[in-house]
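Comments concern the structure below.
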Amino acid sequence: MCRICEEIKDNEFKLYEDKDIVVFLASWGVNGLCIVAPKQHYTILEQVPEEIFSKCFFMANKVAGLIFQVLGCQGTNILINNGDGANQEFSHFTIQVVPRFENDNLKLDWERKPADQNELKAIRSKLEVSNEEKVVAEPQVITEEPKEKHESAESKKLKDKDNDKNDNPDYEKHEKTDKILKRLIRIP
Amino acid sequence: MEQNCLFCKIANKEIPSIVINETNSFLTVLDINPVNLGHSLIIPKEHIPFSSLIPKEVCEEVSQEIRRLSVLFLKHLKSRGCSVFVANGSMAGQRVPHTVIHVIPRYLKDGLSLNIEPLSINKDEIKEIYQKFITPKKE
């Protein structure tokens, strides 16, 4: 079974769940890392139905606000690695919401090098909206399923399934977040 | 529109950029300092400092745009996927207090790493963090 599907089934630290999507605290990576995922197993973004992806993305942004408030972090990143070129971590589409702290040693950045203007203009013609008014998802180019990088033994522990449901916080309760977020202007 | 905000100026076309899509709520431009060619920035027109404040309707449009770009990268740029990156707060790499969504075409061994080492975390620590989430906040 896919690691994310396992987590969806058994994770005890779910922050939100509805019929389509789930948000849970990851048991890997960094403390407070939140995973937003469609419940159904889709490997890549292009396979995730429009409404479900939109729901995930909206939720990821809300979670990014929530963890500011709850964990008192100094920043958040929202991250999607889609496809093997992006070193996608699991064979299940996810959005990661990462709390950031000073000296957290995460290198989620890149060198900024100016590109050649002519090259950019050549690219524009390929990505302009007039070029592809209506885009139909292409058959996937990812030939190999990304390798599961995590040992799944740990997540196979037995679980009190009935316990879970009542403990899940209702995300609606956090809808106040919006108001709180408005006070969170932390950038000078 | 915020005075002196770089992305407000780009979104309002006061500063020229290479535009690849525009709707009422956002502008998509090519990043002039791209990780890989095709690296795009989706810039909401409204001055929104953090991504958590993006209104739902705008979020929906942005989601569609992310998907549109991802498919075009596969199709026309022969990408092997894409990365989507949003930074909230300068500690996370946000340079301008106007939220933007990076959509980056990705290739095998392109030298970029936006991955988090998947080392396991002590379960007690997660439990502790979980408690913070489920404990009601005092207003």
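From first to last, the protein sequence lines are chains R and V.
If you use my numbering, the first sequence corresponds to residues 61 to 248, in order.
If you use my numbering, the second sequence corresponds to residues 581 to 719, in order.
Think of the CB as a built atom: it goes at the ideal place given N, C-alpha and C, for glycine as much as any other residue.
At a cut-off of 8 Å between beta carbons, V:E705 contacts chain R. Between the C-alpha atoms of R:R172 and R:E72 there is a straight-line separation of about 40 Å. Residue pairing by DSSP places R:K74 opposite R:F84 in a beta bridge.
V:V642 places its beta carbon 8 Å or farther from that of V:F665.
Cβ proximity to chain V below 7 Å picks out F73 and L75 from the region 65-78 of chain R. The Cβ-Cβ distance between R:I183 and V:L617 falls below 8 Å. Three or more Cβ pairs closer than 8 Å define a contact, and the region 631-649 of chain V falls short of that threshold against the region 585-594 of chain V.
With 16 or more neighbouring CB atoms inside 10 Å of its own CB, V:R660 falls in the buried class.
For V:L692, the three-state secondary structure derived from DSSP is coil. Closest in C-alpha terms to V:P614, from the list R:V96, R:D169 and R:S114, comes R:D169. Assignment of V:H656 by DSSP, reduced to helix, strand and coil, places it in the helix class. Per DSSP, the unbroken alpha helix (DSSP H) holding R:N178 starts and ends at Q177 to L187.
Here R:Q148 carries a coil assignment [DSSP, helix/strand/coil]. Under the three-state reduction of DSSP, R:I95 is assigned to strand.
In the assembly as shown, V:L633 is a buried residue. Its beta-carbon has 16 or more other beta-carbons within 10 Å.
V:C662: member of the beta strand (DSSP E) spanning C662 to N668, first to last residue. Leaving aside the five residues that flank V:E602 on each side, the residues in its chain whose CB is nearer than 8 Å to its CB run, in chain order, T608.
Within chain R, the residues placing a beta-carbon under 9 Å from that of V:Q644 are E110, F113 and S114, ordered along the chain. Taking a Cβ-Cβ threshold of 8 Å, none of the residues of chain R is close to V:M581; the smallest such distance is about 17 Å. With a cutoff of 8 Å on beta-carbon distance, V:F653 and V:P698 are scored as not near each other.
Taking a Cβ-Cβ threshold of 8 Å, the residues of chain R close to V:E640 are S114 and F118, in chain order.
Burial check for R:S151: the Cβ neighbour count within 10 Å reaches 16 or more, so the residue is buried.
Here the alpha carbons of R:L180 and V:I612 stand approximately 8 Å from one another.
V:G673 carries a coil assignment under DSSP once its states are collapsed to helix, strand and coil. Fully enclosed alpha helix (DSSP H) runs of no fewer than 4 residues occupy 110-131 of the region 95-132 of chain R, in order along the chain.
Closest option to R:V158, judged by alpha-carbon separation, among R:G145, R:L126, R:H101 and R:G143: R:L126. For the pair V:A667 and V:H678, the Cα-to-Cα distance works out to about 10 Å.
Around the C-beta of R:N178, fewer than 16 other C-beta atoms lie within 10 Å, and the residue is accordingly described as exposed. Residue contact with chain R for V:F606: absent (no Cβ-Cβ distance below 8 Å to any residue of chain R). Taking a Cβ-Cβ cut-off of 7 Å, V:H627 has no neighbours in chain R, whose nearest Cβ is about 12 Å from it. In the structure shown, R:R172 adopts coil according to DSSP, grouped into three states. The residue among V:H682, V:Q674 and V:S693 with its C-alpha nearest the C-alpha of R:Q134 is V:Q674.
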